[in-house]
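In UniProt numbering, the protein residues as written are 1 to 292.
1. Taking 8 Å as the cut-off, decide whether the C-beta atoms of residue 261 and residue 100 are in contact.
2. Once you ignore the five residues that flank residue 186 on each side, which residues in its own chain have a CB closer than 8 Å to its CB?
3. What runs of the beta strand (DSSP E), each 3 residues or longer, lie entirely inside the stretch 22-81?
4. Going by C-alpha to C-alpha distance, which of 81, 266 and 117 sits closest to residue 19?
5. Give me, in chain order, the residues of the same chain whose beta-carbon lies closer than 8 Å to that of residue 303; leave out the 5 immediate sequence neighbours on both sides.
6. Does the distance from the C-beta atom of residue 303 to that of residue 149 stay below 8 Å?
7. Kindly indicate the opening and closing residues of the beta strand (DSSP E) around residue 168.
8. Just the C-alpha distance for residue 29 and residue 115, rounded to the nearest angstrom, thanks.
9. Three Cβ pairs or more, each shorter than 8 Å: is that satisfied between the stretch 102-112 and the stretch 40-51?
10. Can residue 227 and residue 188 be called in contact, C-beta distance under 8 Å?
11. Using the C-alpha atoms, what's the distance from residue 165 back to residue 290?
12. Is the beta carbon of residue 294 sitting closer than 8 Å to the one on residue 146?
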């Protein structure tokens, strides 16, 4: 039932920000860490918000918390309002965002963002960098995080984008297989929109190796399989770089295959308009590029 004693208007912004954080991060403890508060303080603010609204926003149990139906309905409204307020404040008053939140496929974040995160945070001591894993690329349509690390051709409605690196495919295998001829290694096939072994063979004019015996639906799985000795993979050079640098994978001395795809950092076309905000974004882009 609605709270009959509630006055018209909005609840305190602090309560809304903590509610959004707890919902986004999946718990009160994580929200407490993000805001530098105790879990008890976060719990109290959320309880205050629930009392003010006259609705429970979270289900509490020994295993943690989850959103109620009311919480699930309220969350996107709060997210949109906070994002609109942040963007308007930035555009009107030139305040650079201190919270860099970036969403991307886990393997992309691991290969392209996390290696340069220490340098970025060292250069910008007042910035908090947080990453959000997106299970599938189609989930970006519902992702509220401002910055997206995306794979494609760089065209997304309502968003600007900067190319971090082009997608290049190169045959890779475990170190134990480097002395084995390409045609004698079992192939690992990745399903999806990237060019495959037949495209590589036609482009570089090398006879097609035997038919693939292992097929995976993600480049991350293919890289893992190749590193464990499953065979030869037409691997993404940008995503394989951590494994190549540590010697877990070896790039074969054969021509690479350039593609029309790439890895892009994108953001809403209404964001990062102030000079200071854009400078920080450009610094982040430069670091991402330097890591590839």
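Note that CB positions come from ideal geometry on N, CA and C, so glycine has one too.
So, from the listed chains and residues:
1. Working through the chain shown from its first residue, we reach residue 261 at position 261. Working through the chain shown from its first residue, we reach residue 100 at position 100. No.
2. Looking up residue 186 in the chain shown gives position 186. 210, 212, 213, 214, 230, 231 and 232, listed in sequence order.
3. The qualifying runs are 58-61 and 64-67.
4. One-based indexing of the chain shown puts residue 19 at position 19. Minimum Cα-Cα distance from residue 19 among the listed residues 81, 266 and 117 corresponds to 81.
5. With the chain covering 1 to 292 only, the question about residue 303 has no answer from this structure.
6. Because the chain is modelled from 1 through 292, residue 303 falls outside the range shown and cannot be assessed.
7. As a position in the chain shown, residue 168 is number 168, starting the count at 1. Looking at the DSSP string, the run of the beta strand (DSSP E) that includes residue 168 is 159-173.
8. As a first step, residue 29 must be located in the chain shown, where it is residue number 29. As a first step, residue 115 must be located in the chain shown, where it is residue number 115. Going from the Cα of residue 29 to the Cα of residue 115 covers about 26 Å.
9. No: the two stretches stay apart, fewer than three of their Cβ pairs being nearer than 8 Å.
10. Taking the chain shown and counting its residues from 1, the one referred to as residue 227 is at position 227. Taking the chain shown and counting its residues from 1, the one referred to as residue 188 is at position 188. Cβ distance not < 8 Å, so residue 227 and residue 188 don't count as in contact.
11. Here residue 290 refers to the residue found at position 290 of the chain shown. Here residue 165 refers to the residue found at position 165 of the chain shown. One C-alpha to the other measures close to 9 Å.
12. Residue 294 lies beyond the stretch modelled for the chain, which goes from 1 to 292, so this question has no answer here.
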